[in-house]
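Novice:
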Amino acid sequence: MTAPVTSAVDALVLVGRHVTFYVRAVIGVPAVLVRYPKHIVRLVTEISFGSASLLAGGGTIGVVFAMSFVSSTQVGLEGYRGLDLLGMSPMTGLMGALVNTREIAPIVASIALAAKVGTGFTAQLGTMRVAEEIDALESLAIPSLRYLVSTRMAAAFISVIPLYLVGLFASYMATGFAIVYLNGDSPGTYNSYFHLVLTPTDVLFSLVKAVVFALMVTLIHCAHGYYATGGPEGVGKAAGRALRTSIVAITVVDVLLSLLFWGVRPSLPALGL
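Residue numbers (my numbering): 601 to 873.
#1: Using a threshold of 7 Å, state whether the C-beta atoms of residue 881 and residue 718 are closer than that.
#2: Evaluate residue 845 with the Cβ neighbour count: other Cβ atoms within 10 Å of its Cβ, from every protein chain shown; 16 or more gives buried, anything less gives exposed.
#3: Around the Cβ of residue 772, are there at least 16 other Cβ atoms within 10 angstroms (buried) or fewer (exposed)?
#4: Would residue 716 be called buried (16 or more neighbouring beta carbons within 10 Å of its own) or exposed?
#5: Tell me which residue opens and which closes the alpha helix (DSSP H) that residue 757 is part of.
#6: For residue 832, count the other beta carbons within 10 Å of its own beta carbon; 16 or more makes it buried, fewer makes it exposed. Which is it?
#7: Nearest to residue 691 by CA position, among 843, 776, 648, 744, is which residue?
#8: Could you check how far apart the C-beta atoms of residue 672 and residue 741 are, in whole angstroms? I think they sit under 8 Å.
#9: At what residues does the alpha helix (DSSP H) containing residue 809 begin and finish?
#10: What residue from 693, 852, 760, 770 has the CA that sits closest to residue 785's CA?
#11: Where residue 743 and residue 757 are concerned, what is the direct C-alpha to C-alpha distance, given to the nearest angstrom?
#12: Distance, Cα to Cα, residue 841 vs residue 620?
#13: I need the boundaries of the alpha helix (DSSP H) containing residue 841, first residue and last residue.
#14: Taking all protein chains shown into account, do 16 or more other C-beta atoms lie within 10 angstroms of the C-beta of residue 701, making it buried, or fewer, making it exposed?
#15: Taking just the CA atoms, how far does residue 792 sit from residue 815?
#16: Distance check for residue 703 and residue 797, CA to CA, integer angstroms please.
#17: For residue 783, which residues of its own chain have a beta-carbon under 6 Å away from its beta-carbon, when the five flanking residues on both sides are left out?
#18: Where does residue 767 land, buried or exposed, given buried means 16+ other C-beta within 10 angstroms?
#19: Using CA atoms only, rank isn't needed, just tell me which of 624, 800, 811 is closest to residue 853.
#20: Do residue 726 and residue 838 have their C-beta atoms closer together than 7 Å?
#21: Count the other CB atoms within 10 Å of the CB of residue 828; is the residue buried (16 or more) or exposed (fewer)?
#22: Which residues in the same chain have their Cβ closer than 6 Å to the Cβ of residue 708, if we skip the five residues on either side of it in sequence?
#23: Excluding the 5 residues flanking residue 710 on each side, which residues of the same chain have their C-beta closer than 6 Å to its C-beta?
#24: Straight-line CA distance for residue 626 to residue 754?
#25: Could you tell me whether the Cβ atoms of residue 721 and residue 752 are closer together than 7 Å?
#26: Applying the criterion that 16 or more other CB atoms from any shown protein chain within 10 Å of the CB defines a buried residue, is residue 657 buried or exposed?
#27: Kindly indicate which residue of 836, 801, 817, 865 has the alpha-carbon position closest to the one of residue 622.
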């Protein structure tokens with residue numbers, strides 16, 4: 601076969617292998633909840649708080665809080681400046697509620713999860729693959745995919761909800777701080793518009809986004825680690841490929857979910873729009 605045909609076939613094989621991997625991992629989640637609960641609890645602790653101090657290689661909770669706070673502070677500063685040029689500075693509360701809830705908080709939390717937790721999963725599974733530890737598990741009749749991947753999916757699902765709520769709180773707090781205390785806007789006006797447009801439905805959809813992103817990141821990173829080859833260098837390359845893939849997937853799926861939840865022309869019932 602010619603080189604283009606061979607490349608196309610290899611690409612299809614790779615896609616098929618990953619899709620099969622994802623399906624098997626998802627199907628295995630109910631079984632591991634019953635069979636490996638202690639292992640899942642350990643993974644939840646590792647994802648949330650890390651194995652060291654919170655700052656020196658520690659937990660995702662600190663990373664999510666810090667990234668959400670900094671990014672939403674920038675939203676408050678630049679958003680207030682832009683609206684003030686149009687004479688619409690009182691509307692900054694609306695921006696703080698909608699932008700953070702619908703877009704900024706889910707994306708920032710998911711990228712933090714991919715960079716902190718996802719690359720760790722890739723490195724762990726990749727190291728086990730090149731050291732033949734995964735083959736050793738299979739020789740002991742332990743289903744490696746369920747034990748290593750499905751358990752991580754269950755742990756990610758359990759961890760992402762409180763982690764995301766921490767990030768969402770940090771986003772709200774940072775935007776309010778930037779607009780009220782740094783720019784001198786009226787706290788009453790800001791809070792009035794903020795609570796006017798912030799609905800439980802928006803928060804629920806935002807949480808659904810975060811959960812979908814977390815499961816997607818976990819699957820992508822675990823797959824790249826599970827099939828890593830080429831020794832330590834191959835593990836490093838697999839971690840890089842997984843991170844690039846997950847970031848692109850997050851942005852694409854975010855657009856699709858936003859269109860699904862809020863449509864092409866989002867409505868604001870509280871404002872009659």
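We put the beta carbon where it would ideally sit given N, CA and C, even for glycine.
Please read all numbers here as calculations on a predicted model, not as lab measurements.
Specialist: In this structure, then:
#1: Any question about residue 881 goes unanswered here, given that the chain covers just 601 to 873.
#2: By the Cβ-count criterion, residue 845 is buried, with 16 or more other Cβ atoms from all chains shown falling within 10 Å of its own Cβ.
#3: Buried, since its Cβ has 16 or more Cβ neighbours within 10 Å.
#4: By the 10 Å Cβ count, residue 716 comes out buried.
#5: It spans 751-776 - the alpha helix (DSSP H) in which residue 757 sits, taken as one unbroken run.
#6: It counts as exposed.
#7: Nearest of 843, 776, 648, 744 to residue 691, Cα basis: 776.
#8: About 49 Å separates the beta carbons of residue 672 and residue 741, which is beyond the 8 Å limit, so they are not a contact pair.
#9: Annotation for residue 809: the continuous alpha helix (DSSP H) segment containing it runs 800-826.
#10: Check the Cα spacing between residue 785 and each of 693, 852, 760, 770: the tightest is with 693.
#11: If I take the Cα positions, the gap works out to 21 Å.
#12: Within the model, the alpha-carbon separation for residue 841 versus residue 620 is close to 19 Å.
#13: If you look at residue 841, you'll find it in the alpha helix (DSSP H) that goes 831-862.
#14: Looking at its Cβ environment, which holds 16 or more other Cβ atoms inside 10 Å, residue 701 is buried.
#15: Roughly 35 Å between the two C-alpha positions.
#16: Rounded to the nearest angstrom, the two C-alpha atoms are 15 Å apart.
#17: Once the five neighbours on either side are set aside, the close Cβ partners of residue 783 are 680.
#18: The residue in question, residue 767, is buried, as its Cβ has 16 or more Cβ neighbours within 10 Å.
#19: Out of 624, 800, 811, 811 has the C-alpha closest to the C-alpha of residue 853.
#20: Cβ distance < 7 Å, so residue 726 and residue 838 count as in contact.
#21: Burial call: buried.
#22: Same-chain partners within the cutoff: 667, 668, 671.
#23: For residue 710, where only same-chain residues beyond five positions count, the Cβ hits under 6 Å are 813, 850.
#24: Inter-residue distance for residue 626 and residue 754 is about 9 Å (C-alpha atoms, whole angstroms).
#25: With respect to the 7 Å criterion, residue 721 and residue 752 are classified as neighbours on the basis of their beta carbons.
#26: Because residue 657 carries a pLDDT of 45, less than 50, the predicted location of this residue cannot be relied on, and no value is offered for it.
#27: Of 836, 801, 817, 865, the smallest CA-CA separation from residue 622 is found for 817.
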